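Number of protein chains: 2
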Amino acid sequence: MYRTKQRHAILAVLSGNSSHPTAEQVYCRIRRQIPHISLATVYRNLKRLAEEGLILELSFPDEPNHYDPCTELHYHFRCDLCGWIYDLESSQVQIAHRLSSQGFSVRGQQAVFYGACASCQTK
Amino acid sequence: MYRTKQRHAILAVLSGNSSHPTAEQVYCRIRRQIPHISLATVYRNLKRLAEEGLILELSFPDEPNHYDPCTELHYHFRCDLCGWIYDLESSQVQIAHRLSSQGFSVRGQQAVFYGACASCQTK
DNA sequence: ATAGGTGCAAAATATTTGCTAGGGC
DNA sequence: GCCCTAGCAAATATTTTGCACCTAT
Chain A
2 MYRTKQRHAI LAVLSGNSSH PTAEQVYCRI RRQIPHISLA TVYRNLKRLA EEGLILELSF
62 PDEPNHYDPC TELHYHFRCD LCGWIYDLES SQVQIAHRLS SQGFSVRGQQ AVFYGACASC
122 QTK
Chain B
2 MYRTKQRHAI LAVLSGNSSH PTAEQVYCRI RRQIPHISLA TVYRNLKRLA EEGLILELSF
62 PDEPNHYDPC TELHYHFRCD LCGWIYDLES SQVQIAHRLS SQGFSVRGQQ AVFYGACASC
122 QTK
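In the order they appear, the protein sequences are chains A and B. Mind the numbering: the first sequence is residues 2 to 124 in my numbering, read in order. Mind the numbering: the second sequence is residues 2 to 124 in my numbering, read in order.
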């Protein structure tokens with residue numbers, strides 16, 4: 002597999018922090034090292050890394066996509082006010098209740114699994 | 002609160018089925034009853050209904066938003082092949098495992114809560 | 001050498017907004 | 001009548017794509 006410096010740098014930015022950056026944010030950081038990198042390259046690599054299962058693509062309403070280097074099943078909390086995305090413990094069953102006791106005000110939630118359904122697999 | 006026939010029709014389409022339609026799909030169905038309705042009106046109403054907490058706005062990668070009349074905490078499974086979005090039981094803790102035994106092939110997952118974090122609430 | 005990736009610009013997609021006219025209360 | 005909403009068109013935002021050139025293997 003092709004291992005370009007662009008792809009390396011993108012993975013490094015993601016792995017290096019827990020900020021769940023957008024494509025634009027990844028692009029800005031990488032320009033320090035690779036000033037001529039194109040935003041399209043960032044998008045292309047992020048999309049591919051997600052398809053390869055190396056990173057997770059997170060979709061929120063009213064938001065560009067965010068990217069997460071942690072591909073384990075885990076939950077997130079997104080603050081409506083500051084936009085920060087917190088990682089949560091997946092072992093907590095009644096997360097919404099616990100969040101309240103920790104000072105988070107929960108307005109909504111969603112949980113999604115992706116894959117192929119039974120009927121499509123038999124086609 | 003203003004109760005236009007457009008708003009009513011949009012809510013009716015959503016409540017009447019479990020297909021988690023997109024704005025475009027809602028628009029197509031409503032045109033049968035209100036041929037002159039504008040797509041912008043559909044978008045505006047869906048956005049508002051979501052803000053008011055009457056419906057849920059679901060965001061997926063590579064997909065326009067989908068809308069769900071059920072605002073209770075529950076999980077979804079989206080098939081990569083046919084695009085269908087299944088509703089899942091929220092009481093199942095190890096959903097991913099159960100899905101496998103039911104013939105679903107799980108490629109990825111995400112779970113998100115929305116609201117205001119503790120530090121923003123004290124501002 | 002060649003397959004595959006990059007950069008740039010343009011296109012495609014999804015969604016929002018400004019404005020005027022019309023409907024609900 | 002007044003205010004909010006609809007309809008239309010144009011704008012915006014995000015992401016993808018075509019193509020010529022470059023680079024890793």
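Just so it is clear, CB atoms sit at the ideal spot from N, CA and C, and this is done for glycine as well. On a predicted model such as this, the values are computed, not experimentally measured, just so you know.
With a cut-off of 8 Å, do at least 3 Cβ pairs link the region 19-39 of chain B to the region 107-122 of chain A?
-> no
In the region 56-82 of chain A, which residues sit with their C-beta less than 9 Å from some C-beta in chain B, listed in chain order?
-> Leu-57, Glu-58, Leu-59, Ser-60, Phe-61, Pro-62, Asp-63, Glu-64, Asn-66, Asp-69, Thr-72, Leu-74, His-75, Tyr-76, His-77, Phe-78, Arg-79, Cys-80, Asp-81 and Leu-82
Range covered by the beta strand (DSSP E) that runs through His-67(B) = Counting from 1 along the second sequence, the entry for residue 67(B) is found at position 66. Where His-67(B) is concerned, the enclosing beta strand (DSSP E) stretches over 67-69.
Quick check: the region 76-87 of chain A against the region 46-53 of chain A, are there 3 or more CB pairs under 8 Å?
-> no
Which chain B residues sit within Cβ distance under 7 Å of Cys-121(A)?
-> Mapped onto the first sequence, residue 121(A) falls at position 120. Per Cβ cutoff of 7 Å: Cys-80, Leu-82 and Cys-83.
Under the three-state DSSP convention, the category Glu-52(A) falls into | One-based indexing of the first sequence puts residue 52(A) at position 51. In this structure, Glu-52(A) counts as helix in the three-state DSSP scheme.
Are the C-beta atoms of Ile-96(B) and some chain A residue less than 8 Å apart?
-> Along the second sequence, one-based indexing puts residue 96(B) at 95. So yes, Ile-96(B) belongs to the interface.
Over what stretch of residues does the alpha helix (DSSP H) that includes Leu-12(A) continue unbroken?
-> Against the first sequence, residue 12(A) aligns to sequence position 11. Residues 6-16.
What does Tyr-115(A) reach in chain B if we use C-beta pairs closer than 9 Å?
-> One-based indexing of the first sequence puts residue 115(A) at position 114. Going along chain B in sequence order, the residues near Tyr-115(A) (Cβ under 9 Å) are Phe-61, Pro-62, Phe-78, Arg-79, Cys-80, Asp-81, Val-107, Arg-108, Gly-109, Gln-110 and Gln-111.
Bounding residues of the alpha helix (DSSP H) (the contiguous stretch that carries Arg-30(B)) | Reading the second sequence from its first residue, position 29 is the one you call residue 30(B). Note, Arg-30(B): alpha helix (DSSP H), 24-31.
Give the range of the beta strand (DSSP E) segment to which Ile-86(B) is assigned.
-> Here residue 86(B) corresponds to residue number 85 of the second sequence, with the count starting at 1. Start and end: 86-89.
Counting pairs of beta carbons, one from the region 13-30 of chain A and one from the region 70-82 of chain B, are three or more of them closer than 8 Å?
-> no
Residue range of the alpha helix (DSSP H) that includes Ser-101(A) | The residue given as residue 101(A) occupies position 100 in the first sequence. Start and end: 96-102.
Limits of the beta strand (DSSP E) - the one that Cys-80(A) falls within | The residue given as residue 80(A) occupies position 79 in the first sequence. Cys-80(A) -> beta strand (DSSP E) spans 76-80.
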